[in-house]
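Peer 1:
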Amino acid sequence: MDHRVKEINLWLQDGSSDVGILVVYGIGGIGKTTIAQVVYNSNFKRFKGSSFLENIREISEGRNGLVQMQIQLLSDILNGREVTVRSVSEGILKIKDVISCKKVLLVLDDVDHLSQFDAILRMRDCFYPGSKIIVTTRCAGLFKAEVVKVHNVDTFNHDESLELFSWHAFGQDHPIEGYTKLSEKVVSQSGGLPLALKTLGSSLSGQSIAVWESALKKLEVIPNGDIMNKLKISYDSLQDNHDQDLFLHVACFFIGKDKDVTVKILNGCDFYTTVGIQNLIDICLVTIDGDNKLRMHQMIRDMGREIVRLESKEPEKRSRLWYRKDSLSVLREKNGSKKIGGLALHMYHVETPSGNSNKVVLETNAFTRMVKLRLLQLSYVQLNGDYEEFPKGLRWLYWLEFPLDSIPSDFRLESLVVLEMHDSSLRKIWKGTKFLQSLKILDLSGSCILTETGDFSLVPNLERLILEDCVSLVDVHESIGNLEKLVHLNMKNCKNIRKLPKRISMLKSLETLILSGCSSLNEFPMEMGEMESLEVFKADDIPIGQLPTLPYTLVVLSLINCNLSDDAFPREFDSIPALQRLDLSQNPICSLPHCIRGLTGLDQLAFGQCTRLKSLVGLPRVKMLIVIRCDSLEKVAFQSISCIPGRFISGFTSKLVEIEYWYKLEPIGRVDAEMRNLLGLCNLESMEAIRLYTPDWLSSAAGTMRPIQGLHEYGIFSTFLPGSHVPGQFSNKSKGSSISFIVPVIPILKIRGLNIFSVYENSILTNRFCTIMSPVIAKVTNKSKGLKWIYAPACYGVPDGDNGVIWLSHWKLGDHQLEGGDEVTVSVFTQHSFQVTECGVQLVHEQEDKGAQHNSADPCYPFDIGGSLPEFIPGTYLMWGGPVNGDGRDYVFSWTKEDWFKGIFGDSNEETGIEKEERKLQGDESLALAEATAVRLVEAERASNNSRRRGCKIIIILAAVFVLLLSLLLSPSE
Numbered sequence: 006m007d008h009r010v011k012e013i014n015l016w017l018q019d020g021s022s023d024v025g026i027l028v029v030y031g032i033g034g035i036g037k038t039t040i041a042q043v044v045y046n047s048n049f050k051r052f053k054g055s056s057f058l059e060n061i062r063e064i065s066e067g068r069n070g071l072v073q074m075q076i077q078l079l080s081d082i083l084n085g086r087e088v089t090v091r092s093v094s095e096g097i098l099k100i101k102d103v104i105s106c107k108k109v110l111l112v113l114d115d116v117d118h119l120s121q122f123d124a125i126l127r128m129r130d131c132f133y134p135g136s137k138i139i140v141t142t143r144c145a146g147l148f149k150a151e152v153v154k155v156h157n158v159d160t161f162n163h164d165e166s167l168e169l170f171s172w173h174a175f176g177q178d179h180p181i182e183g184y185t186k187l188s189e190k191v192v193s194q195s196g197g198l199p200l201a202l203k204t205l206g207s208s209l210s211g212q213s214i215a216v217w218e219s220a221l222k223k224l225e226v227i228p229n230g231d232i233m234n235k236l237k238i239s240y241d242s243l244q245d246n247h248d249q250d251l252f253l254h255v256a257c258f259f260i261g262k263d264k265d266v267t268v269k270i271l272n273g274c275d276f277y278t279t280v281g282i283q284n285l286i287d288i289c290l291v292t293i294d295g296d297n298k299l300r301m302h303q304m305i306r307d308m309g310r311e312i313v314r315l316e317s318k319e320p321e322k323r324s325r326l327w328y329r330k331d332s333l334s335v336l337r338e339k340n341g342s343k344k345i346g347g348l349a350l351h352m353y354h355v356e357t358p359s360g361n362s363n364k365v366v367l368e369t370n371a372f373t374r375m376v377k378l379r380l381l382q383l384s385y386v387q388l389n390g391d392y393e394e395f396p397k398g399l400r401w402l403y404w405l406e407f408p409l410d411s412i413p414s415d416f417r418l419e420s421l422v423v424l425e426m427h428d429s430s431l432r433k434i435w436k437g438t439k440f441l442q443s444l445k446i447l448d449l450s451g452s453c454i455l456t457e458t459g460d461f462s463l464v465p466n467l468e469r470l471i472l473e474d475c476v477s478l479v480d481v482h483e484s485i486g487n488l489e490k491l492v493h494l495n496m497k498n499c500k501n502i503r504k505l506p507k508r509i510s511m512l513k514s515l516e517t518l519i520l521s522g523c524s525s526l527n528e529f530p531m532e533m534g535e536m537e538s539l540e541v542f543k544a545d546d547i548p549i550g551q552l553p554t555l556p557y558t559l560v561v562l563s564l565i566n567c568n569l570s571d572d573a574f575p576r577e578f579d580s581i582p583a584l585q586r587l588d589l590s591q592n593p594i595c596s597l598p599h600c601i602r603g604l605t606g607l608d609q610l611a612f613g614q615c616t617r618l619k620s621l622v623g624l625p626r627v628k629m630l631i632v633i634r635c636d637s638l639e640k641v642a643f644q645s646i647s648c649i650p651g652r653f654i655s656g657f658t659s660k661l662v663e664i665e666y667w668y669k670l671e672p673i674g675r676v677d678a679e680m681r682n683l684l685g686l687c688n689l690e691s692m693e694a695i696r697l698y699t700p701d702w703l704s705s706a707a708g709t710m711r712p713i714q715g716l717h718e719y720g721i722f723s724t725f726l727p728g729s730h731v732p733g734q735f736s737n738k739s740k741g742s743s744i745s746f747i748v749p750v751i752p753i754l755k756i757r758g759l760n761i762f763s764v765y766e767n768s769i770l771t772n773r774f775c776t777i778m779s780p781v782i783a784k785v786t787n788k789s790k791g792l793k794w795i796y797a798p799a800c801y802g803v804p805d806g807d808n809g810v811i812w813l814s815h816w817k818l819g820d821h822q823l824e825g826g827d828e829v830t831v832s833v834f835t836q837h838s839f840q841v842t843e844c845g846v847q848l849v850h851e852q853e854d855k856g857a858q859h860n861s862a863d864p865c866y867p868f869d870i871g872g873s874l875p876e877f878i879p880g881t882y883l884m885w886g887g888p889v890n891g892d893g894r895d896y897v898f899s900w901t902k903e904d905w906f907k908g909i910f911g912d913s914n915e916e917t918g919i920e921k922e923e924r925k926l927q928g929d930e931s932l933a934l935a936e937a938t939a940v941r942l943v944e945a946e947r948a949s950n951n952s953r954r955r956g957c958k959i960i961i962i963l964a965a966v967f968v969l970l971l972s973l974l975l976s977p978s979e
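Structure, rendered in structure tokens:
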């Protein structure tokens, strides 16, 4: 329960002065009241007054229901004081006085009509600041205009369901021996609904296995009455018979069906489907999933079907038939009636040893008496006979594996709105012409022996034609050009079609054209540019090699595996202003086609499996960039920093070494000599290769073997070396993962940056903390200035066996980020598989009057750490993930409860015992630091080519060291 109330508790405890309203909504029996009770009991003491008004729907139906609720509310907030209220208006005045002077928590449970809490809602501005109102309801749609926040209650997952059921069935959190499989079946039928789990668990408690088995068989046909009565409250609350009938249609026939197709069908049945479905959504009877399909909880579905089943004991007298046994009985007995408006018969497809199908064979005259039949679904059914007496009012015919080679001429379908014949035996849709005045959708997907379509001249209102996977199709009738209302044409995987109808470009209303997989096509219609309404064009796996002029209206263009090279794009390609999604995956492109740079409105750009692609330079602004399995890709660069994508999805791009504005890898031999000298990197030819991880999220985290590389990122230079012998000179070292020091004051010299090293190796410890944003993270804390810099490198070395990894880095600091006298701590954090054995730091100085050493314009190496990076949280700069990750705020804050988060992001200004001990050694360390500073600066000047000023500089350096030593000697000891 804790995770179910966590979000609400955070809202109640957010400290806001606003008067907040939260609607907790969900289907009946899902636990809304329980959740409200838990959060109320946990939080009411935080408020000066509180009230939990239960069963508002039920109370409001009684006499003076609203007045009773007002009396209870006043009594609760006034700590039980007796209150008299004679009318709703009087109650409003008294409530205003009470709620205006104290912060209150109010829960309104089981609200099903706006008027039930409208008296309270109208007084929202009268509530004392910080007051909170929680409403539980099945009718989330009632409060759309008023609600600040909503919380949808989800069903239980499998483990939660089994545990809840077991407590009620067995008095423990798991099934007893012998009942596990039966319990799993009950849980499956309950669909995670707490009401069902509790009710069924209690009813089966103490019963024998035989009773359980019998109860399960009954539940398959007749749902539990107590559960149904509770759920039926929502059905009864629907506004009228229209919405109730619509709900029953959906429950019996349209679950999992595309919403738009369903609207077409039911509009043809004289429903006002769009508003009706919205009404069902508003009271949680129906949902729409991400694929635009209608969904319904199985218990809600069973409730609807039970309403239909109870219409009559005789199936032929019911309005809808969906249960296989009932439908089959009515058709075999041929005793259907005009009461039946919808029928579904789904048989199983089983191949016999002889290769023949076991289709059920029935007679067409079995439907003769069903004169009001509007909806018909048949799967693996064969009908013998003529169709003269077949119901003529059908609006929807779904027939899986239609057995005939064409639709019979006597099959009268004038009223049909949607015809779906998937996997049919059709060779030609119909012979000659067929008058289908009302037909809007024709779907023949998977009709693999269909060779020609037939004449569309008498199908004037067709809007969607779907011929997907009609692999034998070779001829689409030219009359398709007459379909003035056609908006969707799908010919995906029509592998044998060699040419498209010449008049296809005449389809002025066509919005979607899908030709993907039509591999025998060798060209597109040259007049495609005239298709003035075309928004979606998908032509994957067609080896055309060259594109024609495309419509300027395109929004989605998919050209996967079309043998397109860099110069295969027409000159006008960059003048498609509406284009939002472009997929050029699996094409032999070597670089970014020039015309793509002018596409300024892209949301998504994909180059998956472009194995010849070496660079993407000059990318326009795009929200999502996809480069997966681009084996040769080395560099990604943008027109400007504002063009960095919101999401950058890459994987299996092992050669990618530079993403502009994020990071750049280069062989250590190519790194600036001064940088190498700063870190003491010499004898490069003797350096061994290292296993290096790069930000390739689909590849192995183990990394790949590479020569030593230099990493430029966020103004930090890093390199990773195998072993544990640290090159260079580091006067501050620590056996551990953290070190602290006081920055010495050296006149004339200013701090240019920090050299930091750490040695880490594979750890024998586990579960120190969870996987973090990077397995190695460095944090520099300037305690004196209250600043922190946290750096998680994009690339890092991976220890091999017992061999450790040295992480060397130079942090280039800006002016005043680090000054003499500042107290600094450097820490290195690792995930559970690594452990730090040693770390160290070295200050790097330069003369006050000397310019910055690295004025490179390289965007991966700005002038100082973080560049213009904004504060992640006050005083803290997070350098991780590059600009493509944004600031990562929400992602990282999702980890705030983890121990490692507190260590990395928490307040480190409090000294630990170790740090205090380290400070006792500060004098010696500062002396060593001064000596090392002098030595390194003298060496640097000796290497300088400017010999005329060399002597003066050495004198300045020695003077600075003298002043430093003097200050140390005169400073008071602790």
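Under our numbering, the sequence shown has 91 at position 86, and the numbering climbs by one with no breaks.
For glycine and all other residues, C-beta sits at the position ideal for the given N, C-alpha and C.
#1: Would the beta-carbon of S1000 fall within 8 Å of that of G33?
#2: Whole angstroms are fine: how far does the CA of I601 sit from the CA of P672?
#3: Going by other Cβ atoms of all chains shown within 10 Å of its Cβ, with 16 needed for buried, is Y385 buried or exposed?
#4: What does M2 pair with, by DSSP beta-bridge criteria?
#5: Tell me whether H8 is buried or exposed, calling it buried when 16 or more other Cβ atoms sit within 10 Å of its Cβ.
#6: Considering only C-alpha positions, which residue in the set M536, N272, V846 and S742 is nearest to S814?
#7: Which runs of the alpha helix (DSSP H) at least 4 residues long sit entirely within the segment 193-279? Give them in chain order.
#8: Are the beta-carbon atoms of L472 and M511 separated by less than 8 Å?
#9: Whole angstroms are fine: how far does the CA of V841 sit from the CA of L759?
#10: Could you tell me if C793 is buried or exposed, where buried requires 16 or more neighbouring beta carbons within 10 angstroms of its beta carbon?
#11: Give the DSSP-derived three-state secondary structure of N466 in the structure shown.
#12: Would you kindly report the start and end of the unbroken beta strand (DSSP E) that includes V93?
#13: Would you tell me roughly how many angstroms separate the C-alpha atoms of P530 and G613, rounded to the nearest one?
#14: Note down the Cα distance separating T558 from E540, rounded to an integer number of angstroms.
#15: Would you grab the beta carbon distance between V781 and P804 for me? Rounded to a whole angstrom, and I think it's under 8 Å.
#16: By the three-class DSSP mapping on this structure, what secondary structure does T185 have?
#17: Have a look at H302 and L290 and give me their C-alpha separation to the nearest angstrom.
#18: Could you give the residue range of the beta strand (DSSP E) that holds W404?
#19: Helix, strand or coil: how does DSSP classify F657 here?
#20: Is it true that the segment 61-72 meets the segment 177-193, where meeting means three or more beta-carbon pairs spaced less than 8 Å apart?
#21: Got a sec, what are the start and stop residues for the alpha helix (DSSP H) N162 sits in?
#22: On the DSSP bridge assignment, give the partners of N501 in chain order.
#23: Looking at the strands, I want to know which residues DSSP matches up with Y30.
#24: Closer than 7 Å: is that where the CB of L607 sits relative to any heavy atom of the ligand PLP?
#25: Comparing C-alpha positions only, which one of S334, K500 and M536 sits nearest to H493?
#26: Taking a contact to mean a Cβ-Cβ separation below 8 Å, would you say V29 touches H156 in this structure?
#27: Mind checking which residues open and close the beta strand (DSSP E) that includes D448?
#28: Considering only DSSP beta bridges, list what R300 is partnered with.
#29: Given a cut-off of 8 Å, decide if V676 and S655 are closer than it, judged by their beta-carbon atoms.
#30: Should R337 be labelled buried (16 or more other beta-carbon atoms within 10 Å of its own) or exposed?
#31: Would you call the segment 221-239 in contact with the segment 189-200, where contact means no fewer than 3 C-beta pairs closer than 8 Å?
#32: Indicate the three-state DSSP secondary structure (helix, strand or coil) for I769 in the structure shown.
#33: I'd like the list of long-range same chain contacts for S729, defined as Cβ closer than 6 Å, with 5 residues on each side in sequence excluded.
#34: In the DSSP assignment, the beta strand (DSSP E) including M884 goes from what residue to what residue?
#35: Does the contact criterion of 3 or more C-beta pairs under 8 Å hold for the segment 718-725 versus the segment 738-756?
#36: Might you give, ordered along the chain, the residues of its own chain that have their beta carbon closer than 8 Å to the beta carbon of T267, omitting 5 neighbours on each side?
Peer 2: Looking at the coordinates:
#1: No statement about residue 1000 is possible, as the shown extent of the chain runs from 6 to 979 and does not include it.
#2: Looking up residue 672 in the sequence shown gives position 667. Looking up residue 601 in the sequence shown gives position 596. Going from the Cα of P672 to the Cα of I601 covers about 31 Å.
#3: Indexing the sequence shown from 1 puts residue 385 at position 380. Burial call: buried.
#4: The requested residue 2 is not part of the displayed model; the chain covers only 6 to 979.
#5: If you number the sequence shown from 1, residue 8 lands on position 3. H8 is exposed by the Cβ-count criterion.
#6: On the sequence shown, residue 814 is found 809 positions in, with the first residue counted as 1. The residue with the shortest Cα to Cα distance from S814 is V846.
#7: 199-209, 214-224, 230-241, 246-254 and 264-272
#8: For this step, residue 472 is matched to residue 467 along the sequence shown. For this step, residue 511 is matched to residue 506 along the sequence shown. Against a cut-off of 8 Å, the Cβ pair of M511 and L472 comes out as no contact.
#9: Here residue 759 is taken as the residue at index 754 of the sequence shown, counted from 1. Here residue 841 is taken as the residue at index 836 of the sequence shown, counted from 1. Computed Cα separation, rounded: 19 Å.
#10: Translated into the one-based positions of the sequence shown, residue 793 becomes position 788. Looking at the sequence itself, residue 793 is Lys, so the reference to Cys does not match. So K793 counts as buried.
#11: As a first step, residue 466 is located in the sequence shown; it is residue number 461 there, counting from the start. Note: N466 maps to coil in three-state DSSP.
#12: The residue you call residue 93 lines up with position 88 of the sequence shown. Where V93 is concerned, there is no enclosing beta strand (DSSP E), although the alpha helix (DSSP H) it sits in stretches over V93 to I104.
#13: On the sequence shown, position 525 is the one that residue 530 refers to. On the sequence shown, position 608 is the one that residue 613 refers to. The alpha-carbon atoms of P530 and G613 are separated by roughly 27 Å.
#14: Within the sequence shown, residue 558 is the residue found at index 553, counting from 1. Within the sequence shown, residue 540 is the residue found at index 535, counting from 1. Their Cα atoms are separated by approximately 6 Å.
#15: As a first step, residue 781 is located in the sequence shown; it is residue number 776 there, counting from the start. As a first step, residue 804 is located in the sequence shown; it is residue number 799 there, counting from the start. Not a contact, Cβ separation roughly 11 Å.
#16: For the purposes of this step, residue 185 is taken as residue 180 along the sequence shown, with counting starting at 1. T185: helix per DSSP, three-state reduction.
#17: Your numbering for residue 302 matches position 297 in the sequence shown. Your numbering for residue 290 matches position 285 in the sequence shown. Roughly 8 Å separates the two Cα atoms.
#18: In the sequence shown, counting from the first residue as 1, residue 404 sits at position 399. Residues W401 to L405.
#19: On the sequence shown, position 652 is the one that residue 657 refers to. Reduced to three states, the DSSP call for F657 is coil.
#20: no
#21: For the purposes of this step, residue 162 is identified with residue 157 of the sequence shown, where counting begins at 1. Where N162 is concerned, there is no enclosing alpha helix (DSSP H), given that its DSSP letter is neither H nor E.
#22: The residue given as residue 501 occupies position 496 in the sequence shown. BP columns for N501 are empty, so no partner.
#23: By 1-based counting over the sequence shown, the position of residue 30 is 25. BP columns for Y30 point to T142 and N157.
#24: Absence of the ligand PLP from the depicted structure is noted, as is the absence of any ligand whatsoever, leaving it without description.
#25: On the sequence shown, position 488 is the one that residue 493 refers to. Comparing Cα positions, the closest option is M536.
#26: Looking up residue 29 in the sequence shown gives position 24. Looking up residue 156 in the sequence shown gives position 151. Going by C-beta atoms, V29 is nearer than 8 Å to H156.
#27: Locating residue 448 in the sequence shown gives position 443, where the first residue counts as 1. I446 to D448 is the span of the beta strand (DSSP E), which, as asked, contains D448.
#28: Working through the sequence shown from its first residue, we reach residue 300 at position 295. DSSP lists T292 as partners of R300.
#29: Along the sequence shown, one-based indexing puts residue 655 at 650. Along the sequence shown, one-based indexing puts residue 676 at 671. The answer is no: Cβ separation not under 8 Å.
#30: Working through the sequence shown from its first residue, we reach residue 337 at position 332. Its Cβ having fewer than 16 others within 10 Å, R337 is exposed.
#31: yes
#32: Reading the sequence shown from its first residue, position 764 is the one you call residue 769. Coil.
#33: Here residue 729 is taken as the residue at index 724 of the sequence shown, counted from 1. Excluding positions up to five away in sequence, the list reads V764 and G809.
#34: Position 879 of the sequence shown holds residue 884. From DSSP, the beta strand (DSSP E) with M884 extends over T881 to M884.
#35: no
#36: Locating residue 267 in the sequence shown gives position 262, counting from the first residue. Result list for T267: V255, F259, T278, I282 and L299, in chain order.
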